[in-house]
Structure formats: structure tokens, C-alpha cells
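To start, the structure under review is shown below, and the notes come after it.
There are 2 protein chains.
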Amino acid sequence: MKRHEIHVRLDDSIATTSPVSRSYKIHVGDEILQDIGALVQNDNVQRAVVVSDQSINESHGRTVTRSLEAVSITVDRLTIPPGETSKSLTEAERLWNEFARLEIDRKTAILAVGGGVVGDLTGFVAATFSRGLQVWQVPTTLVAQVDSAIGGKTGVNLPAGKNLVGAFWQPRGVVADINTLKSLPDREYVSGLAEVVKYGMILDADFFQWLENNAISIRGREKESLNHLVRRSAELKTFVVERDEREVTGLRACLNYGHTFAHAFETTAGYGTLLHGEAVSLGMMAAVRLAYSLDLLDQTVVERQQQLLETLGLPVGTPVLNDIATDDFLRIMARDKKTVGGNLRFVLPDKIGHVEIIDHIDHMLVTSAIKTICYAN
Amino acid sequence: MKRHEIHVRLDDSIATTSPVSRSYKIHVGDEILQDIGALVQNDNVQRAVVVSDQSINESHGRTVTRSLEAVSITVDRLTIPPGETSKSLTEAERLWNEFARLEIDRKTAILAVGGGVVGDLTGFVAATFSRGLQVWQVPTTLVAQVDSAIGGKTGVNLPAGKNLVGAFWQPRGVVADINTLKSLPDREYVSGLAEVVKYGMILDADFFQWLENNAISIRGREKESLNHLVRRSAELKTFVVERDEREVTGLRACLNYGHTFAHAFETTAGYGTLLHGEAVSLGMMAAVRLAYSLDLLDQTVVERQQQLLETLGLPVGTPVLNDIATDDFLRIMARDKKTVGGNLRFVLPDKIGHVEIIDHIDHMLVTSAIKTICYAN
Chain A
3 MKRHEIHVRL DDSIATTSPV SRSYKIHVGD EILQDIGALV QNDNVQRAVV VSDQSINESH
63 GRTVTRSLEA VSITVDRLTI PPGETSKSLT EAERLWNEFA RLEIDRKTAI LAVGGGVVGD
123 LTGFVAATFS RGLQVWQVPT TLVAQVDSAI GGKTGVNLPA GKNLVGAFWQ PRGVVADINT
183 LKSLPDREYV SGLAEVVKYG MILDADFFQW LENNAISIRG REKESLNHLV RRSAELKTFV
243 VERDEREVTG LRACLNYGHT FAHAFETTAG YGTLLHGEAV SLGMMAAVRL AYSLDLLDQT
303 VVERQQQLLE TLGLPVGTPV LNDIATDDFL RIMARDKKTV GGNLRFVLPD KIGHVEIIDH
363 IDHMLVTSAI KTICYAN
Chain B
3 MKRHEIHVRL DDSIATTSPV SRSYKIHVGD EILQDIGALV QNDNVQRAVV VSDQSINESH
63 GRTVTRSLEA VSITVDRLTI PPGETSKSLT EAERLWNEFA RLEIDRKTAI LAVGGGVVGD
123 LTGFVAATFS RGLQVWQVPT TLVAQVDSAI GGKTGVNLPA GKNLVGAFWQ PRGVVADINT
183 LKSLPDREYV SGLAEVVKYG MILDADFFQW LENNAISIRG REKESLNHLV RRSAELKTFV
243 VERDEREVTG LRACLNYGHT FAHAFETTAG YGTLLHGEAV SLGMMAAVRL AYSLDLLDQT
303 VVERQQQLLE TLGLPVGTPV LNDIATDDFL RIMARDKKTV GGNLRFVLPD KIGHVEIIDH
363 IDHMLVTSAI KTICYAN
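Top line first, the protein sequences correspond to chains A and B.
Sequential numbering from 3 applies to the first sequence in the working numbering.
Sequential numbering from 3 applies to the second sequence in the working numbering.
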């Protein structure tokens, strides 16, 4: 069994006030859920709570539970309803009360087994119960393995917007088993590829080219491709998080490529109409065209990105935004929580593998870029 | 006007990922609320939200608001109902939604003007909105000025227990105006003195002696005494927090002197029967007698602590716990969130100005110590 470890090195000086280093490892491999007990046991853990949703993850949760019990860790299991609606204060409150009922103490390890919703919700509840419990992220979807489970962002949604309540809370470890990707519905798997293309566009031209060369086998979920894809994506996300853990130097902002548009698309279309990755794919197309209209890059970049997204099965245009007033997009983008003082700020590529942050962009150019993706696909 | 600044130095290496240092200052003085605008302005803040409760703090909130507006900071004001019941997820949710409605961004400064409830609730909401806003603590009660506003602990209560949901979140600054102490009800003021006595007992024999020598003028809220009292207490709390910000090396645990007992007393008596400081006073008496029964110290220490608490008007015995089964106390203490693995752990003095952490204490000795404070006062 092949297993790759990625070290996430975080501000180890804070270890002067902590018995455990905040640094941790991301484990990527095939059929490695069954080895999780040994990893958690290394931490001298005697008790654990496994949180998953009521889906295929119940089965993954059982695998994880058996692995923990095999090394004599006592396990309680909690489940949440599947879907984005569980990323709510209501579910958080239920979990907090369950943790209290179970009389969990700070030595208890929490394991979040599932996609982004399970990871974000469980991470937030763990971050805030008794002012902080150790959490292991066990992502079982592509988007969670390459993105949401790495980097310590946790949170829930408010009626007014996504992720408005949350915390930066680094996991104790991440275990990404590519075997869990086999059972994903096709639309969900493909959606996760949008973040992968993003890493190529913002940070790594070689990886972008590898994606172009292997698009068919990626689309077919071949194991060798999945392994490299998840591993390299996790490395690239780690590279950014290590250098800007709390999104303040500006570096982490590069991860928002396509996302300012995507959030506006998701909100206006109504949550659930577009999957997040689909919105990101559309957002990257709007962003690359905006960059082109600002003369930041040449037409080849636009074409290569579009070609790769299409080959992977991602949307590059959509009819669902046709009836939405352009002012609605602008209003939502101005309210984005990374916005500072109302200024519209975009992360835009100037070539494949490199982005810049551009401020004070003409609203007309932004709406023109949006219009290029509004068509019958 | 006399103003004293205490520097809180926190892990400045993390400044590599932050444009502002996490270190901050505690300002202690008389009539300094009106200067807060200048302090906040130094941070290049253009917008602020002032949170207070519906009490005398509305008036203090107005003073703070005027001071901010005088330096051209735009201010929104929010209020919460007075009392411990506001330290709830319900109030937190209301504030999160209000923050969303006001479209607050990460450049907005939050100011918590009030006692421990306002500070803990507002601090937690600020810590978790948009994954973290800057918060200024403006404590207006004695217990908040000497204890709860310093050190970054924030949180709300669950039905199952106090402070079960929360975060470590350091303020951007603390402004403690001793002038606000004049209007406190006597019982509340006296209650705050319990934490002050605690600092003397755990860390500073000279300060303990100063308290003995000045007990009458402290009881009379004379300004010179208040100034020294708040300042020295804040310094001592800062000393501990700087060395163990997240309660992991064991040092910060010294602040729990009397508190393991106190939490059990508050819970069994029913919240509100005893003020927190009253419970701490009783808890310190149980703890010092437990230490005596373990031969950690001589009778003089017990007597000096009891004498000082009594002179300051604090209870050293109570009839309200008479009817409670000793098992109830033990059960609650075993559930304390600082408990690790069910072991009963106490912070006990071995002389005035110094404490040790003692594990695995005989339950019989613990219940005997509790019985010594259960009598008609």
C-alpha cells in the first residue's frame, strides 16, 4: 500500500505554550482509512468521537471506528443529516450539546469523516467546545481532500451568508483515502476538479500541464492519477497555508481565484442550483476573461483553461444566470467577507501558474466578464 | 489624569503571519473611558460596533461612543439583556445575525463595554464572526477589570455547564476605568475582591500583605487603593497569561485556585444563589483547609486568608450548601472541563504567594474540606 505524507509546518514557536506542536501531517493513499487507529494512537488518545453524515460516510465512519477500536480507543459515534443545510448553528448547537452529554474532555480526539459540510461543521464545533478539542479531518470527497480539509478554516452558514460564523482551527492530522472517491456521484467528483485546476492556474504551470496530459484518466478516476492529483493539490494548498495561515499577508488570497465570482453565482442562482465546483469553474472563466480584458494575459491562457475545464467535464458557460441583473452580482461581490472597505478586489492570473491581486477594477469590465459565461451550455 | 499601561506580550513570532502584533496593552486609570477614541484610532480603524448591556453600561457605552465619534470613527451600537442568561447561544446567534445585518468587515473594531457577561459573549461572537474580528475589552465591573477581560478566554454557557462553548481570543486592547467601579452595587463590588485575594495567595505575598494593610480603604473604594488593586491584579493575571496563553503548560491552572470548589458550589446551589466571587471565596476556604489537611501549610495561612476575606466582606462559610449530598459536589468536580481522564486535581497553596497542583487527592479529605464551609454564617 502506497501512502504519502505531507508535512504542514505551522508556526512552531507557539509550541512554547503547547505540549504538542501545531504542525501536522496529511496522509494521502489508497485504502488507508483502516490505518487511522495507529495514527491517532500515536497521540496517546484513549477516547474518540467519530462524526459523519447519514450517507456512504456512515460506512466510512464504521471503517474508521473499527480501526480506532482495534487499538483500544473508546469510540462514540455521532451523525448529522447530509447536505449543506447541516452547516448551520442549529446542527452546531446539537453537536455541542451531544459533546456535553458525552462528557468529552480535552484529551478526546474528534474525527470528522465526510465531505466539506462534515469537516467544516465538526471542525468549528471542536474548535469551540471547551475552547478547543483536537480534530482529525478524514475527507471522503474530492473537494474536501484537495481543499476544504486542509488549512484550518472551519465554520457554519448564517441566513445572511456562507461561512459567516467560524474559526481558524488546524487539525491534528488529515487522512485522505482516495479509495473513498470511487463511490462519489459523477457530478460531485467532477465538481471537485475545479479546485484542482485552480491550483495549476494560480501556482504551478507544470501541474497544469500534467492535468492537460492526463485529463482522460483523471476523468476516469484511475488510481495513479487520483493519487498524484490529491497529493499535489494538498501540497500546493499546504504551501499557501504555511505562509499565510490566517489570510492576512495576502498570499492566501490567491486561493480565491474564481471564488469572488463563484460566491456571487451560487448566491444569485440559489444554493444548490450550482455545485460549488461548478460555480468555481464558471468563476475562473469570468476571471480569466476579466484578466484578458485588462491585458494581463494573452488569449492562449483563456483557451487552455477553457479547454482543460471542458475536458474534465466542468461547465464554462451556463444558462442559469441569464435572468439575473448585473447589479445583483456586484452587490454580492461587494459584501464578500474578504472585501475591505467596499473595494472590489480580484485575484487574476497573468500567466498559467501565477496570479496577482488587482484592486479597484472598473465595474463595467466585471459585468462584461460575467456576461461571457451566461449562455446556453 | 493618571493612566498606567500594562504590556501583554504574546508569542510575537506569530506576527510573521499577521500585520498586527498579537501583543496589546491594558490601560488602567481614572476617567479614561473618554480617551478610548484616540487608542482605537491608532489602529487605523474607521468603523466600530459598541456592545453593552441594558444597565449602567448603556451610559458607559455612550461615553465610549462619543469618544470614538470624536475621532471620526463611525459607530453602531448593540445591546444585550443584563445578566448571566445572556451568555447563551441564543444571544450569540442574535449578535452574529446583527453583525451580518450591519455588513461588518474585518476592519471593523468591536468594543465590549460591561462586565464579564458582555465581555465573554462579545469576545466569542467577535472571535467567530468572519473567523475573527478585533475586539476591545472595556470592563466596567471589578471582576471583569481584574480577571475576565484579561487573558483571552471567551465563551457562552450550555444547559449542561458554564463556558462549554468558547474560544481563546486575545483582545486588541483592554481599557479599565476605575471610575466605573463607583456605581457598582456593594455585593457585586465585594464579590470581585475574591479574585484579587486569589492573586495574592497564588502569586504575590507582598500584594497579599498590601491587601491586609489596606483592607478598609479597599472596602471603601478609595481611588488610590482601587488604582493599585486593579493595576497589580491585571499585572499578575498578565504574568500568567503570557506564560501559558492556552492553559496547557499547567501554569495557567494556578488561576483555578478555589475555582474547582467554586464551580461545584455555584452549580449545586443553583446559579445566582451565590455570586461567582462569593463562591470563589468559599472555594478558597475549602481549598486552604484541604491544603492544611494534607500538611502543605500551617494554620497561620488558613487564618490570614480567612481574616482578609472576612474584612473585605466576603463569605467564609454558608448555610446554602447544607442540604447538598457530598457525592453531588464530587460528581460535578469530576466533570470540570479542566479535568483530564476523571482524576480530581486541585490547585493548593503551600504558603502565601505560592501554589502547587496536586493530583489524586483522597475524596474523603475533599468532602471534609467542603464541610468546613457549610455552616450558618
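We put the beta carbon where it would ideally sit given N, CA and C, even for glycine.
These figures come from a predicted structure and were not determined experimentally.
Which residues DSSP lists as bridging residue i, in chain order
i             : result
residue 324/A : None, per the DSSP bridge assignment.
residue 430/B : The structure shown does not extend to residue 430/B, since chain B spans only 3 to 379, so no value can be given for it.
residue 376/A : 320/A
residue 7/A   : 29/A
residue 116/A : 141/A
residue 350/B : 358/B
residue 49/A  : 76/A
residue 156/A : 169/A
residue 258/B : Residue 258/B pairs with nothing; no bridge assigned.
Local conformation of residue i per DSSP, three classes
i             : result
residue 139/B : strand
residue 356/A : strand
residue 275/A : coil
residue 163/A : strand
residue 19/B  : At residue 19/B, the pLDDT of 36 sits below 50, so the modelled position is not reliable and the matter cannot be decided from this model.
residue 148/A : helix
residue 220/B : helix
residue 42/A  : helix
residue 192/A : helix
residue 382/B : With chain B covering only 3 through 379, there is no way to say anything about residue 382/B.
residue 73/A  : coil
residue 110/B : coil
residue 232/A : helix
residue 215/B : helix
residue 181/B : helix
residue 175/A : strand
residue 366/A : helix
residue 345/B : strand
residue 24/B  : coil
Rounded separation between residue i and residue j - CA only
i             : j             : result
residue 221/B : residue 345/B : 38 Å
residue 356/B : residue 209/A : 59 Å
residue 188/B : residue 148/B : 17 Å
residue 365/A : residue 243/B : 48 Å
residue 274/B : residue 349/A : 53 Å
residue 115/B : residue 121/B : 7 Å
residue 104/B : residue 368/B : 51 Å
residue 196/A : residue 169/B : 33 Å
residue 94/B  : residue 166/A : 13 Å
residue 32/B  : residue 238/B : 20 Å
residue 18/B  : residue 252/A : Only weak support is given to the placement of residue 18/B: the predicted model assigns it a pLDDT of 35, under 50, and the question is left unresolved by the model.
residue 20/B  : residue 56/A  : The predicted model places residue 20/B with a pLDDT of 42, which falls under 50 and marks its position as unreliable, so this point remains unresolved.
residue 109/B : residue 359/A : 19 Å
residue 215/A : residue 314/A : 11 Å
residue 4/B   : residue 204/A : 54 Å
residue 264/A : residue 118/A : 17 Å
Whether residue i touches residue j by CB criterion (9 Å)
i             : j             : result
residue 245/B : residue 233/B : no
residue 128/B : residue 135/B : yes
residue 25/A  : residue 42/A  : no
residue 106/B : residue 52/B  : no
residue 152/A : residue 270/A : no
residue 133/A : residue 248/B : yes
residue 80/B  : residue 158/B : no
residue 335/B : residue 307/B : no
residue 282/A : residue 200/A : yes
residue 207/A : residue 326/A : no
residue 219/A : residue 144/A : no
residue 69/A  : residue 37/A  : yes
residue 213/A : residue 202/A : yes
residue 257/A : residue 267/A : no
When the options are compared against residue i, the one with the closest alpha-carbon
i             : options            : result
residue 35/B  : 168/B, 80/B, 180/B : 180/B
residue 138/B : 103/B, 33/B, 28/B  : 28/B
residue 389/B : 161/B, 62/B, 177/B : Missing from the structure shown is residue 389/B; chain B here goes from 3 to 379 and no further.
residue 111/A : 163/A, 96/A, 131/A : 131/A
residue 290/A : 23/A, 177/A, 318/A : 318/A
residue 75/B  : 39/B, 370/B, 260/B : 39/B
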